[in-house]
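*Asks:* In numbering that gives the first Met the number 0, the protein residues as written are 0 to 425.
Here it is, the structure in full.
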Amino acid sequence: MSNVTIVGTQWGDEGKGKIVDWLSEKADLVVRFQGGNNAGHTIQIKDKIYKLSLLPSGIVRKKISVIGNGVVLDPWALKEEIASVKKKGIKVDPKILYIAENTTLVLPFYKDIDSLNESLRGKNIIGTTKRGIGPAYEDKVGRRCIRLCDLKNKKKLRIKVQSLVEYHNPRFKYHNKKLLSTKDIYNSLVKISNFINQYSYPVWKLINESMKKNKKILFEGAQGSLLDIDFGTHPFVTSSNTLSGQIYSGTGLGNSSNYVLGITKAYTTRVGSGPFPTELKNSIGEFLGKQGNEFGTVTNRKRRCGWFDAVLVNQTKILNGLNSLAITKLDVLDKLENIKICSGYRINKKIINYFPADEHSQSLIKPIYISLPGWKSSTVGIKRWDKLPAKAKKYLKTIEKLTNCKITVISTSPERNGTILLESPF
């Protein structure tokens, strides 16, 4: 398969960065297709750790890296991120990094709107990163956003900024917030344009021309399927579509067959508010968080932890059209005496095998568990299936059976080489 799409099957933080980095060795292009710098990937190479929020993970392997139009881009954050990776010896220039010219920009005042929106929710906060991602998508859908290509014409840029300010200022005034200045926003955009314009490109052409040349393309998703604006745990979701189908509208990819690899932890985590059927508010949950170092890449917020939820992963398998699963952080479970997997839900007296859309039904869910014995031995760094403990194999086979999806990749450590490959997606 010449195209592979990587998506998270849970609420993000599944370990996509490591798997994308590992697979990008065989790819010619690595493409981001949604989200912004509200989610991050952590890549560990020997003693160096790279934390990426906007740059595609392929950048650390010197692969052509593309930011698609489905991404909302904070150019100031990108500038800082590029400077950070350059300090660690990574080359970034217009020959390796391409940004869709029709990408929507995240403007500084969007963070103020994000914070205002959260404060107005009171006890019903969503738990956003307050990076301005939601407001950027709102202005995109409202057809008033500033796009990367707008920076090329200063006269028209000023007009668009003026229109944007006139739209937002009444709300700032109503809430007694500092009013926006057309001059300040315009000047900041003109200044950053000297940096960002060099990467602007019609990436849809690059992607489709690469396909014609049979280049191998790796599409890199951010966040997770359960945060999808339509199919996630609404309203505790992100502002973009995180499913595999987003690669088409988020990059300009034409009709093409893709191998879709779903990344999932051997257990479940979630950052921020929202339903979480298998959450463990006990010593086991604390153990998983400590062993897995479960803190957000972007916000450093503590992640909530729980047992593997096969109902949710099976649902995201269907929504994404997954070909297979990659299991990460198996080693986190090494010391547990018993391990549980959620195989179904009970709502009152009814048993269901899917996650309902409405919040009331979600609040009534009681997980149905099957219990498996732990393997009580180290799996860290194992590179072959036959070297895994028998009980670890049984655990993985049970996940395959309950999710109706085969496992082709198993990650046993943060390092690139701590990976078992059962079947290559490429």
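Even for Gly, the Cβ is constructed at its ideal location relative to N, Cα and C.
If distances are taken between C-alpha atoms only, which option among Lys390, Ser342, Glu278 comes closest to Lys400?
*Replies:* Locating residue 400 in the sequence shown gives position 401, where the first residue counts as 1. Considering only alpha carbons, the answer is Ser342.
*Asks:* Please confirm if the segment 125-132 is in contact with the segment 80-87, defined as three or more CB-CB distances below 8 Å between the two stretches.
*Replies:* No, the segment 125-132 does not touch the segment 80-87.
*Asks:* Could you tell me whether the segment 149-161 touches the segment 187-204, using the rule of 3 or more Cβ pairs below 8 Å?
*Replies:* Taking 8 Å as the limit for Cβ pairs, the verdict is that the segment 187-204 does touch the segment 149-161.
*Asks:* Would you tell me roughly how many angstroms separate the C-alpha atoms of Thr250 and Asn416, rounded to the nearest one?
*Replies:* The residue you call residue 250 lines up with position 251 of the sequence shown. The residue you call residue 416 lines up with position 417 of the sequence shown. Answer to the nearest angstrom: the Cα atoms are 30 Å apart.
*Asks:* Measure the beta-carbon distance from Val65 to Val91 and round it to whole angstroms, keeping in mind my assumption that it falls under 8 Å.
*Replies:* Here residue 65 refers to the residue found at position 66 of the sequence shown. Here residue 91 refers to the residue found at position 92 of the sequence shown. No, Val65 and Val91 are not in contact; Cβ-Cβ is about 13 Å, not under 8 Å.
*Asks:* Excluding sequence positions up to five away, which residues of its chain have a Cβ less than 8 Å from the Cβ of Leu371?
*Replies:* For the purposes of this step, residue 371 is taken as residue 372 along the sequence shown, with counting starting at 1. The residues are Asn337, Ile338, Lys339, Ile340, Lys390, Lys393, Tyr394, Thr397.
*Asks:* Near Asn352, what residues of its chain come up, given a Cβ to Cβ distance below 8 Å and the 5 sequence neighbours on each side ignored?
*Replies:* Start at 1 with the first residue of the sequence shown, and residue 352 comes out as number 353. Excluding residues within five positions, the ones whose Cβ falls inside 8 Å are Val310, Asn313, Gly343, Tyr344.
*Asks:* With a threshold of 6 Å on Cβ separation, who are the neighbours of Asp20 within its own chain once the five nearest residues in sequence on each side are excluded?
*Replies:* Reading the sequence shown from its first residue, position 21 is the one you call residue 20. Correct list, in chain order: Ile42, Ser56.
*Asks:* With a threshold of 16 other CB atoms inside 10 Å of the CB of His40, please say whether the residue is buried or exposed.
*Replies:* Here residue 40 is taken as the residue at index 41 of the sequence shown, counted from 1. Flag for His40 reads buried.
*Asks:* In the DSSP output, what is His40 paired with across the bridge?
*Replies:* Indexing the sequence shown from 1 puts residue 40 at position 41. His40 is bridged to Leu51.
*Asks:* Using the three-state DSSP reduction, which class does Lys301 fall into: helix, strand or coil?
*Replies:* For the purposes of this step, residue 301 is taken as the residue at position 302 of the sequence shown. Reduced to three states, the DSSP call for Lys301 is strand.
*Asks:* Taking the alpha helix (DSSP H) that Val270 falls in, what are its first and last residues?
*Replies:* Reading the sequence shown from its first residue, position 271 is the one you call residue 270. That residue, Val270, is in no alpha helix (DSSP H); it is neither H nor E in DSSP.
*Asks:* What is the rounded straight-line gap between the Cα of Gln161 and the Cα of Ile326?
*Replies:* Translated into the one-based positions of the sequence shown, residue 161 becomes position 162. Translated into the one-based positions of the sequence shown, residue 326 becomes position 327. Their Cα atoms are separated by approximately 49 Å.
*Asks:* What three-state label does DSSP hand Tyr200 in the structure shown?
*Replies:* Working through the sequence shown from its first residue, we reach residue 200 at position 201. Residue state, collapsed to three classes: strand.
*Asks:* Quick one: give me the first and last residue of the beta strand (DSSP E) that Ala76 is part of.
*Replies:* Here the question's residue 76 lines up with position 77 in the sequence shown. Per DSSP, Ala76 belongs to no beta strand (DSSP E); it is in the alpha helix (DSSP H), 74-86.
*Asks:* Judging by CA-CA distance, which residue of His167, Lys204, Pro388 is the nearest neighbour of Ile112?
*Replies:* In the sequence shown, counting from the first residue as 1, residue 112 sits at position 113. Ranking the options by Cα distance to Ile112, first place goes to His167.
*Asks:* Grab the span of the beta strand (DSSP E) containing Lys375 for me, first residue to last.
*Replies:* For this step, residue 375 is matched to residue 376 along the sequence shown. Here Lys375 belongs to no beta strand (DSSP E), and DSSP marks it neither H nor E.
*Asks:* Helix or strand or just coil, what does DSSP make of Pro134?
*Replies:* Taking the sequence shown and counting its residues from 1, the one referred to as residue 134 is at position 135. It is helical.
*Asks:* Please classify Tyr173 as buried or exposed, where buried requires at least 16 neighbouring CB atoms within 10 angstroms.
*Replies:* As a first step, residue 173 is located in the sequence shown; it is residue number 174 there, counting from the start. It is exposed - the Cβ of Tyr173 has fewer than 16 other Cβ atoms within 10 Å.
*Asks:* When you compare only the Cα positions, how much space is there between Thr4 and Gln33?
*Replies:* Start at 1 with the first residue of the sequence shown, and residue 4 comes out as number 5. Start at 1 with the first residue of the sequence shown, and residue 33 comes out as number 34. Cα to Cα, the separation comes out at about 12 Å.
*Asks:* Quick check on DSSP: helix, strand or coil for Thr407?
*Replies:* The residue given as residue 407 occupies position 408 in the sequence shown. Strand, per DSSP.
*Asks:* Suppose you measure from the CA of Gly88 to the CA of Ser224; what does that come to, to the nearest Å?
*Replies:* Numbered from its first residue, the sequence shown carries residue 88 at position 89. Numbered from its first residue, the sequence shown carries residue 224 at position 225. Cα to Cα, Gly88 sits roughly 33 Å from Ser224.
*Asks:* So what's Leu332 in DSSP terms, helix, strand or just coil?
*Replies:* Taking the sequence shown and counting its residues from 1, one reaches residue 332 at position 333. Leu332: helix per DSSP, three-state reduction.
*Asks:* Ordered along the chain, which non-local residues of its own chain (more than five positions away) have a Cβ less than 6 Å from that of Ile18?
*Replies:* As a working mapping, residue 18 is identified with position 19 in the sequence shown. Cβ neighbours of Ile18 beyond the five flanking positions: Ile262, Ala325.
*Asks:* Look at the alpha carbon of Gly67 and the alpha carbon of Lys328, and state the distance between them as a whole number of angstroms.
*Replies:* As a first step, residue 67 is located in the sequence shown; it is residue number 68 there, counting from the start. As a first step, residue 328 is located in the sequence shown; it is residue number 329 there, counting from the start. If you take the alpha carbons of Gly67 and Lys328, they lie about 29 Å apart.
*Asks:* Between Ile228 and Thr237, which are expected to be in contact by the criterion C-beta below 8 Å, what is the C-beta distance as a whole number of angstroms?
*Replies:* On the sequence shown, position 229 is the one that residue 228 refers to. On the sequence shown, position 238 is the one that residue 237 refers to. At roughly 7 Å, the Cβ-Cβ gap stays under 8 Å, so Ile228 and Thr237 are in contact.
*Asks:* Run through DSSP, which three-state label would Arg415 get?
*Replies:* The sequence position of residue 415 within the sequence shown is 416, counting from 1. In the structure shown, Arg415 sits in coil (DSSP, three-state: anything other than H, G, I, E or B).
*Asks:* What whole-angstrom Cβ distance do Val70 and Gly35 have, given they're in contact under 8 Å?
*Replies:* Against the sequence shown, residue 70 aligns to sequence position 71. Against the sequence shown, residue 35 aligns to sequence position 36. Indeed they touch by this definition, with Cβ atoms about 6 Å apart.
*Asks:* Which partner residues of Pro366 appear in the DSSP bridge assignment?
*Replies:* Along the sequence shown, one-based indexing puts residue 366 at 367. Paired residue(s): Tyr344.
*Asks:* According to DSSP, simplified to helix, strand and coil, what is Arg31?
*Replies:* Counting from 1 along the sequence shown, the entry for residue 31 is found at position 32. Arg31: strand per DSSP, three-state reduction.
*Asks:* Would the beta-carbon of Ile195 fall within 9 Å of that of Leu77?
*Replies:* Locating residue 195 in the sequence shown gives position 196, counting from the first residue. Locating residue 77 in the sequence shown gives position 78, counting from the first residue. Yes. Within cutoff.
*Asks:* Residue range of the beta strand (DSSP E) that Gly320 falls in?
*Replies:* One-based indexing of the sequence shown puts residue 320 at position 321. Where Gly320 is concerned, there is no enclosing beta strand (DSSP E), given that its DSSP letter is neither H nor E.
*Asks:* May I have the straight-line CA-CA distance separating Lys386 from Leu318, to the nearest angstrom?
*Replies:* Within the sequence shown, numbered from 1, the residue matching residue 386 stands at position 387. Within the sequence shown, numbered from 1, the residue matching residue 318 stands at position 319. Near 33 Å, if we compare the C-alpha coordinates of Leu318 and Lys386.
*Asks:* Alpha carbon to alpha carbon, what distance is there between Arg170 and Arg302?
*Replies:* Sequence index remark: in the sequence shown, residue 302 carries index 303 (1-based). Sequence index remark: in the sequence shown, residue 170 carries index 171 (1-based). Cα-Cα distance, rounded: 33 Å.
*Asks:* Which residues in the same chain as Trp306 place their Cβ atom closer than 8 Å to its Cβ, once the five residues preceding and following it in sequence are excluded?
*Replies:* Here residue 306 refers to the residue found at position 307 when the sequence shown is read from its first residue. Within the same chain, Trp306 has close Cβ partners Tyr266, Thr267, Thr277, Leu279, Ile338, Lys339, Ile340, Cys341, Pro366, Tyr368.
*Asks:* Under the assumption that Gly380 contacts Ser412 (Cβ atoms under 8 Å), give the Cβ distance between them as a whole number of angstroms.
*Replies:* For the purposes of this step, residue 380 is taken as the residue at position 381 of the sequence shown. For the purposes of this step, residue 412 is taken as the residue at position 413 of the sequence shown. Contact flag correct, Cβ pair sits at about 5 Å.
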